[in-house]
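Chemist:
Residue numbers (my numbering), protein chains in the order written: chain Y, 1 to 440; chain A, 1 to 287.
In structure tokens, the structure reads:
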């Protein structure tokens, strides 16, 4: 870290602002914005009655867009200079925050886990909050799963939602056809999803980067379309309903137990409340996510984990060192898919109903955004990004029309200021020297 | 150059190797032998097919014709029949690359541990023993670290063991790549222009390192090099390629005096009207 900032300081010869060039650049951006905004924003069709369409013009909006883009572009071109100026004095705010986070990684992790465990019992907690927490944790788990494939092995996967869907449908089908419970079906969901990971892995062994992304994107769509059209098995667009809820060691969390059974509230002698199930689901996904994290952290320090990272860095060098790229890639796909499958199984039991609509490309994109935004390979970053990406739209509900706008602006902001992701810090898997103070 | 009383033990035999790319013949009917405990150099003008030989040896290319055989413990392994990534393990051939290929984002130490992937993977029993942290795996990991530490000390990288490999200076990256290749425990070490981009002092250090490895490990070293101070200084045996054909094979002194070699390096017509000082330079000992 000191090396990098040292270099940056050495290399920066403060350039003077060339205003004509800057203005020209900003004007060009504004011109492009006008070209795009005229058809997209400036012209609006509306129904003038009798099925005919009229056109309304909003050239004032086009003007706003042009001015906005001009100002934004100018600000962007001026900002990098200020970054470097900040860097001279110290690191700028977020960098400093990230550095602090790295120093206190263990304490922050512990505090985060304690907070997550205590969340349902905090005074300001509500059913809505716990439910939102459950959604966040599903995405955290998916993010951690995808992190194995994208962050560690460096294989850009745009169809991760396919494994999520496979996991969910595995449980849905096992439950509706064979009467499996959640806990019995969970390992099968993971196993089937992992097999699909291997099935996807084989044809894409030779592909990297953009090509791989396209094929995985196609794979995600194939799975969704098969689920949609194979109606006799999957129920088609109607999906699968009546998926059983998980039980607490065999005790159902419902108002009344089936014949001869005992429910959770009867067994513990507490008043029944529908919140109990919500809180229980929250703890189930919390435990699943933590297991995912522990597993990933541990496997990263094993030969296979290091081989994933080595493969990301240089495949040819891996081959020369006697590492079989096929097994390394397939294991990354399988393990990543397995966690997607587990998360899908949980999703099915939480919703009680699944249909292909829940597994569209936008889900894959969100999960990938969480991984990239958080910082590739960073476990903590995934948590942060999942919280941001899931809760930001929720807070934006009050001004619903602007939700996507805020979302987009936030994404652009991150890409401009922290293209490496919110937390981009790679902790070595082993050290020769003493642990530096920064890792404690 | 070393005078050994023992008979030379062949380590690698290349027989009638031919490599064609479409109509282009990159290597044409090449035969040579590399011996255990010797440094063999392959030299030749640019495009002579040197790196192609390496790529055939290490399984990146499948030869169009010919036999490549490693002689290990009385066993003869036909390289052209072993899958690319297995050559490192089965035939114990390790290589470096002309344009350095390190795992730049990983630390120096991690680079050396990745090189020991196969023994560690076996010890971790498909990661199960590793996940459980069984003593068997821990012992294997400690052993791997010790081996890495040994080569870090030999290459003078110990104090930078926890640096990202990509942050090392160029010369140190070259040394790290050699250390990484050595961590695989090779019988034959193939170095593709290890001295490229090194300054004279670093180049001299590299010579010492390679001589020490040859003496201590008793392994064969096959090297491609343009830097004549390296080639002439440490090689036991030099093979000269030109347009994919072998034009000379012998001790450095023999090769240097070979008219074919001079012709290949300087061109035919220039040879007769060579300026005095160039001719003198050619004759002068390079070390």
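Cβ atoms here follow ideal geometry from the backbone N, Cα and C, with glycine treated the same way.
(1) Using the beta-carbon of each residue, which ones in chain Y are nearer than 9 Å to residue 110/A?
(2) Whose C-beta lies closer than 6 Å to the C-beta of residue 161/Y among residues of the same chain, with five residues either side of it excluded?
(3) In this structure, does DSSP put residue 401/Y in helix, strand or coil?
(4) Rounded to whole angstroms, what is the Cα-Cα separation between residue 38/A and residue 94/A?
(5) Could you tell me whether any Cβ in chain Y is nearer than 7 Å to the Cβ of residue 226/A?
(6) Quick check on DSSP: helix, strand or coil for residue 237/A?
(7) To the nearest angstrom, how far is it from the Cα of residue 66/A to the Cα of residue 53/A?
(8) Verify whether the separation of the beta carbon atoms of residue 385/Y and residue 370/Y is less than 7 Å.
(9) Would you tell me roughly how many angstroms separate the C-alpha atoms of residue 286/Y and residue 276/Y, rounded to the nearest one?
(10) Have a look at residue 172/A and residue 266/A and give me their C-alpha separation to the nearest angstrom.
(11) Thinking just about the alpha-carbon of each residue, which of 24/Y, 340/Y, 351/Y is nearest to the one in residue 368/Y?
(12) Does any residue of chain A have a CB that is nearer than 7 Å to the CB of residue 11/Y?
(13) What are the boundary residues of the beta strand (DSSP E) that residue 78/A is part of?
(14) Provide the residue span of the alpha helix (DSSP H) that contains residue 300/Y, from first to last.
(15) Going along chain Y, which residues have a C-beta under 8 Å from residue 184/A?
(16) What does a CB cutoff of less than 7 Å around residue 331/Y pick up in its chain, not counting 5 residues either side in sequence?
(17) Helix, strand or coil: how does DSSP classify residue 252/Y here?
(18) Starting from the Cα of residue 196/Y, find the closest Cα among 186/Y, 293/Y, 334/Y, 314/Y and give me that residue.
(19) Would you decide whether residue 379/Y is buried or exposed? Buried here means 16 or more other CB atoms lie within 10 Å of its CB.
(20) So residue 433/Y packs on residue 115/A, CB below 8 Å; how close in whole Å?
(21) Could you check the C-alpha separation between residue 147/Y and residue 336/Y for me, to the nearest Å?
(22) Identify the contact partners of residue 325/Y in chain A, using a Cβ-Cβ distance below 8 Å as the criterion.
(23) Who are the neighbours of residue 176/A on chain Y, taking C-beta pairs under 9 Å?
(24) Excluding the five sequence neighbours on either side, which residues of its own chain have a C-beta within less than 7 Å of the C-beta of residue 55/A, listed in chain order?
(25) Against chain Y, with Cβ distances strictly below 7 Å, would residue 70/A count as a contact?
(26) Please confirm if residue 53/A has its CB atom under 7 Å from at least one CB of chain Y.
(27) Give me the Cα-Cα distance between residue 190/Y and residue 167/Y, rounded to the nearest whole angstrom.
(28) Counting beta carbon pairs with one atom in the region 114-132 of chain Y and one in the region 295-303 of chain Y, are three or more of them shorter than 8 Å?
(29) Is residue 208/A helix, strand or coil when you go by DSSP?
(30) Quick one: is residue 419/Y near chain A, going by C-beta distance under 7 Å?
(31) What does the Cβ neighbour count give for residue 422/Y, buried or exposed, with the cut at 16 atoms within 10 Å?
(32) Using 7 Å as the threshold, is the C-beta distance between residue 49/A and residue 244/A below it?
(33) Considering only C-alpha positions, which residue in the set 58/Y, 237/Y, 232/Y is nearest to residue 177/Y?
(34) How is the alpha helix (DSSP H) around residue 54/Y delimited, first residue to last?
(35) How should residue 7/A be labelled, buried or exposed, when 16 other C-beta atoms within 10 angstroms of its C-beta is the threshold for buried?
Modeler: Checking against the coordinates, here is how it stands:
(1) 306, 309, 310, 428, 429, 430
(2) 220, 359, 363, 364
(3) Here residue 401/Y sits in helix by DSSP.
(4) 16 Å
(5) no
(6) strand
(7) 12 Å
(8) Taking 7 Å as the cut-off, the beta carbon of residue 385/Y is found closer than this to the beta carbon of residue 370/Y.
(9) 15 Å
(10) In a straight line, the C-alpha of residue 172/A is about 33 Å away from that of residue 266/A.
(11) 340/Y
(12) Its pLDDT being 46, under 50, residue 11/Y is placed unreliably in this model, and the coordinates cannot settle the point.
(13) Residue 78/A -> beta strand (DSSP E) spans 75-78.
(14) Counting along the chain, the alpha helix (DSSP H) containing residue 300/Y begins and ends at 275-300.
(15) 321, 322
(16) Correct list, in chain order: 304.
(17) coil
(18) 334/Y
(19) buried
(20) Not quite, the Cβ-Cβ distance comes to about 20 Å (not below 8 Å), so this is no contact.
(21) 8 Å
(22) Within chain A, the residues near residue 325/Y are 85.
(23) Result: empty, since nearest Cβ-Cβ is about 12 Å, beyond 9 Å.
(24) 61
(25) no
(26) no
(27) Going from the Cα of residue 190/Y to the Cα of residue 167/Y covers about 6 Å.
(28) As far as the Cβ criterion goes, the region 295-303 of chain Y does not touch the region 114-132 of chain Y, which means the pair count is below three.
(29) Residue 208/A: helix per DSSP, three-state reduction.
(30) no
(31) buried
(32) yes
(33) 232/Y
(34) Per DSSP, residue 54/Y belongs to no alpha helix (DSSP H); it is in the beta strand (DSSP E), 53-57.
(35) exposed
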